[in-house]
Amino acid sequence: DKLFSGFSKTRESLSVVDELLLYWNLADTDRVLDELEEALLVSDFGPKISFKIVDSLREDILAGKLKSGSEIKEALKTSVLQLLTSKGSKTELQLGFRKPAVIMIVGVNGGGKTTSLGKLAHRLKNEGVKVLLAAGDTYRAAASEQLEVWAERTQSEIVVADDDKVKAPSVLSKAVKKGKQQGYDVILCDTSGRLHTNYSLMEELVACKKAVAKVIPGAPNVVGVTGLVLTKLDGSARGGCVVSVVEELGIPVKFVGVGEGVDDLQPFDAEAFVNAIFS
Ligand code: GDP
Numbered sequence: 019d020k021l022f023s024g025f026s027k028t029r030e031s032l033s034v035v036d037e038l039l040l041y042w043n044l045a046d047t048d049r050v051l052d053e054l055e056e057a058l059l060v061s062d063f064g065p066k067i068s069f070k071i072v073d074s075l076r077e078d079i080l081a082g083k084l085k086s087g088s089e090i091k092e093a094l095k096t097s098v099l100q101l102l103t104s105k106g107s108k109t110e111l112q113l114g115f116r117k118p119a120v121i122m123i124v125g126v127n128g129g130g131k132t133t134s135l136g137k138l139a140h141r142l143k144n145e146g147v148k149v150l151l152a153a154g155d156t157y158r159a160a161a162s163e164q165l166e167v168w169a170e171r172t173q174s175e176i177v178v179a180d181d182d183k184v185k186a187p188s189v190l191s192k193a194v195k196k197g198k199q200q201g202y203d204v205i206l207c208d209t210s211g212r213l214h215t216n217y218s219l220m221e222e223l224v225a226c227k228k229a230v231a232k233v234i235p236g237a238p239n240v241v242g243v244t245g246l247v248l249t250k251l252d253g254s255a256r257g258g259c260v261v262s263v264v265e266e267l268g269i270p271v272k273f274v275g276v277g278e279g280v281d282d283l284q285p286f287d288a289e290a291f292v293n294a295i296f297s
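Taking our numbering, I'd label the letters of the sequence shown as residues 19 to 297.
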């Protein structure tokens, strides 16, 4: 399936683990674990996680709990799965009880926001959800047009700025009003790319949230990230970043992007992920 093929490069890169463990014997433990750690680092698990995983394997091997290469591999998979699920956060999209649910997509330029938003619209529409798009990236001229292409592709309604003086909070406000009046379930809001160090753009995010909260009383008006979409995992062997990101930020990965097509946004499933990278 798509999740499996999306992680093919990471799987390839981690296939060295199988080779290492196939010929593992107790006397060889240090060398094998060093190479295993190296393989995890190359796949972007990050130094902290890679060390933690290998260290707990070493402990179990020395305690006699793991007696064969295949037992070590199973323990490795279990330990990655535990890291991904220990925070216990739900990875499914939580649309909440308030309608319309408003989802703002935030990230750096070129990260895949607009594309992910389009794919998400496609996915939700297929589930029978009534979706409205809001073109809240008012800085980049081409951004609205790009979102309009996705609106057409997914046959979604879209709200865009009437002219270039209209700023993001107004676009979102207009979209949320429309969404409320016309019974939309979800409003997917594109935003301008930004880094957290760009103060005026971060201020704008807060203003966007406030604009939404004005229309939907009770909606939280502070900016908080509730879920992550990790994009472009199809093109890289660095799938281990999923684990380091979840561990570092404590925020669940909700979706992974595994290509540029409408169907290339996959719900993140920790178990399927572990099986896809260590097959
Ligand atoms: P934005 O600036 O954050 O809105 O980023 P875009 O949505 O415009 O995406 C930037 C580029 O990355 C586009 O060429 C997308 O087609 C591409 N892209 C986005 N997501 C993925 C993905 O999951 N896999 C691949 N291979 N390309 C992607």
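Glycine residues also receive a C-beta, built at the ideal position from the N, C-alpha and C atoms. All figures in this text were calculated on a predicted structure; none of them were measured in a lab.
Check	Outcome
Mind checking whether G275 and K250 have CB atoms under 9 Å apart?	yes
In whole angstroms, what is the alpha-carbon distance linking A225 and L190?	10 Å
Strictly by DSSP, which residues pair up with A119?	V204
Would you mind giving the Cβ-Cβ distance between F291 and L32, rounded to the nearest angstrom? I have them listed as a contact below 8 Å.	The pair is not a contact, with the Cβ atoms about 12 Å apart (cut-off 8 Å).
Report buried or exposed for D252, applying the criterion of at least 16 other Cβ atoms within 10 angstroms of its Cβ.	buried
Given that a residue counts as buried once 16 or more other Cβ atoms are within 10 Å of its Cβ, and exposed if not, what is P65?	exposed
Which residue or residues does DSSP assign as beta-bridge partners of V230?	V230 is not bridged to any residue.
Would you say E77 touches ligand 1, meaning its beta carbon is less than 8 Å from a heavy atom?	no
Which partner residues of I176 appear in the DSSP bridge assignment?	L151
Can you look up G275 in the DSSP assignment and give me helix, strand or coil?	strand
D46: buried (16+ other C-beta within 10 angstroms of its C-beta) or exposed?	exposed
Straight-line CA distance for D287 to K27?	18 Å
Would you say the stretch 108–128 touches the stretch 171–180, given that touching needs at least three Cβ pairs under 8 Å?	no
Would you call the CB atoms of D36 and G257 closer than 9 Å?	no
Can you tell me the Cα-Cα spacing of V149 and S162, whole angstroms?	17 Å
Within its chain, find whatever has a CB closer than 8 Å to the CB of E110; leave out the 5 residues flanking it on each side and keep chain order.	K272 and P285
When DSSP builds the beta bridges, which residues end up paired with V299?	Any question about residue 299 goes unanswered here, given that the chain covers just 19 to 297.
Am I right that E289 and L101 are in contact with their C-beta atoms under 8 Å? What's the rounded C-beta distance?	That pair is no contact at about 13 Å.
Considering only residues of the same chain and omitting the five flanking positions on each side of T133, which have a CB-CB separation below 8 Å?	W168, T249, G275 and E278
What would DSSP say about T215, mapped onto helix, strand or coil?	coil
Going by beta-carbon coordinates alone, are Q38 and A57 separated by less than 9 Å?	According to the sequence shown, residue 38 is Leu rather than Gln. Their beta carbons are under 9 Å apart, which means L38 touches A57 by this criterion.
Check whether the Cβ atoms of L165 and G211 sit closer than 9 Å, and answer yes or no.	no
Measure the C-alpha to C-alpha separation of K20 and D282 and round it to an integer number of angstroms.	7 Å
Compute the Euclidean distance between the alpha carbons of K228 and V280, then round it to the nearest angstrom.	31 Å
What's the C-alpha gap between V194 and E77?	54 Å
Are the CB atoms of L40 and G87 within a distance shorter than 9 Å?	yes
Would you give the residue range spanned by the beta strand (DSSP E) that P187 belongs to?	First-last for P187: A186 to Q199, but that is the alpha helix (DSSP H), not the beta strand (DSSP E).
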